[in-house]
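Visitor: Next up is a structure, given as structure tokens.
Rendered as structure tokens:
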């Protein structure tokens, strides 16, 4: 059971698909000998989770490309045969933490009380309660420490399918909705992260280097030539728009507690923040391939 759950975390599908049900109502394993071998290795290692994780991620199966021919995708859409590497959207916590880490805002301290990051105003009124967001470094703690209220879950995490914790959830629901894009575009946490990344792009020696470096920070890979051209063109268009209407930049520059360097060109900062937001909203940033 434990090995199957760790496998699920890396491949998006357990060797036994019904990860939450190993009983008679669950499905049979797709690769029973592999499951047995991993389980015995896990026991013999003294229940060494680090060794199990290392075994999985260094395997040829995990390190395959996730690209597949149309024929293979039609024949095996769920990758049951493990003929390609895993691909799928990141969990809600990882999407938020990745944005914070790439921007340099992430507070990676361990332990302590729950924190209250940005959240829509008056959301708790339905429970006759008041939500007072934290300030300072608490705003940037990992999503693991975000306060849970069962009747009013944190909207950003819930939009990306974080469970409500009314009951134990081993296998999360996976959805792909327009609301998720709206969250990435408008949630103060992501707008602030884009603002900070925009500042880093502005401080870079040139736009190519700045965009490339921060694309790598967000996605783990350098941008392709076509992707870089699109982002540079976006920067040029947005800069022209902000220069014609300087007031439009305020929303990008004033969101969140982070204070930008006062000596930088505000229009260029806003344009680069839009570029960062485009990368944040791209498939490359929110999906693992």
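In my numbering, the protein residues as written are 19 to 307.
Ideal placement from N, C-alpha and C gives every residue a C-beta, glycine not left out.
Can you round the beta-carbon distance between residue 266 and residue 104 to whole angstroms, since I take them to be within the 8 Å contact cut?
Guide: Actually they are not in contact, since the Cβ atoms of residue 266 and residue 104 sit about 40 Å apart, beyond 8 Å.
Visitor: Might you give, ordered along the chain, the residues of its own chain that have their beta carbon closer than 6 Å to the beta carbon of residue 161, omitting 5 neighbours on each side?
Guide: Within the same chain, residue 161 has close Cβ partners 111, 114 and 115.
Visitor: Using a Cβ-Cβ cutoff of less than 7 Å, which residues in the same chain neighbour residue 185 once the five nearest sequence positions on both sides are dropped?
Guide: Same-chain partners within the cutoff: there are none.
Visitor: Return the CA-CA distance between residue 176 and residue 234, expressed in angstroms with no decimal places.
Guide: So the two alpha carbons sit approximately 27 Å from each other.
Visitor: Given this structure, state the Cα-to-Cα distance separating residue 30 from residue 152, to the nearest angstrom.
Guide: Roughly 33 Å separates the two Cα atoms.
Visitor: If you draw a straight line from the alpha carbon of residue 171 to that of residue 182, how long is it in whole angstroms?
Guide: Whole-angstrom Cα-Cα distance: 6 Å.
Visitor: Look at the Cβ atom of residue 158, then the Cβ atom of residue 124, and state whether they are nearer than 7 Å.
Guide: It is a contact, given that the beta carbons lie within the stated cut-off.
Visitor: Let me confirm a value: residue 65 is counted as buried when at least 16 other C-beta atoms fall within 10 Å, else exposed. Which label applies?
Guide: Flag for residue 65 reads exposed.
Visitor: Just confirm the distance between the C-beta atoms of residue 79 and residue 100, as a whole number of angstroms; I'd bet it's less than 8 Å.
Guide: About 5 Å; that satisfies the 8 Å criterion.
Visitor: Whole angstroms are fine: how far does the CA of residue 37 sit from the CA of residue 19?
Guide: Answer to the nearest angstrom: the Cα atoms are 8 Å apart.
Visitor: Keeping to the same chain, check which residues put their C-beta closer than 6 Å to that of residue 282; ignore five residues upstream and five downstream.
Guide: Taken in chain order, the residues that qualify are 220.
Visitor: Which residue or residues does DSSP assign as beta-bridge partners of residue 306?
Guide: Partner(s): 106.
Visitor: Under the three-state reduction of DSSP, which class applies to residue 201: helix, strand or coil?
Guide: Correct three-state label for residue 201: helix.
Visitor: How would you call residue 213, buried or exposed, if buried means at least 16 neighbouring beta carbons within 10 angstroms?
Guide: Residue 213 should be labelled buried.
Visitor: Would residue 303 pass as a contact of residue 250 if the rule is Cβ separation under 7 Å?
Guide: No, they are not a contact pair.
Visitor: Using a Cβ distance threshold of 8 Å, determine whether the stretch 130 to 142 contacts the stretch 220 to 231, with at least three qualifying pairs required.
Guide: No, the stretch 130 to 142 is not in contact with the stretch 220 to 231.
Visitor: Quick one: Cα of residue 96 to Cα of residue 187, how far?
Guide: Distance between the alpha carbons of residue 96 and residue 187 is about 21 Å.
Visitor: Can you grab the Cα-Cα spacing for the pair residue 167 / residue 88, in whole Å?
Guide: Approximately 44 Å between the Cα atoms of the pair.
Visitor: Since residue 299 contacts residue 202 with CB under 8 Å, what's their CB separation in whole angstroms?
Guide: Their Cβ separation, rounded to whole angstroms, is 5 Å, which keeps residue 299 and residue 202 in contact under 8 Å.
Visitor: Are the C-beta atoms of residue 281 and some chain D residue less than 7 Å apart?
Guide: Of the protein chains in this structure there is only one, and it is not chain D.
Visitor: Count the other CB atoms within 10 Å of the CB of residue 273; is the residue buried (16 or more) or exposed (fewer)?
Guide: Buried: at least 16 other Cβ atoms inside 10 Å.
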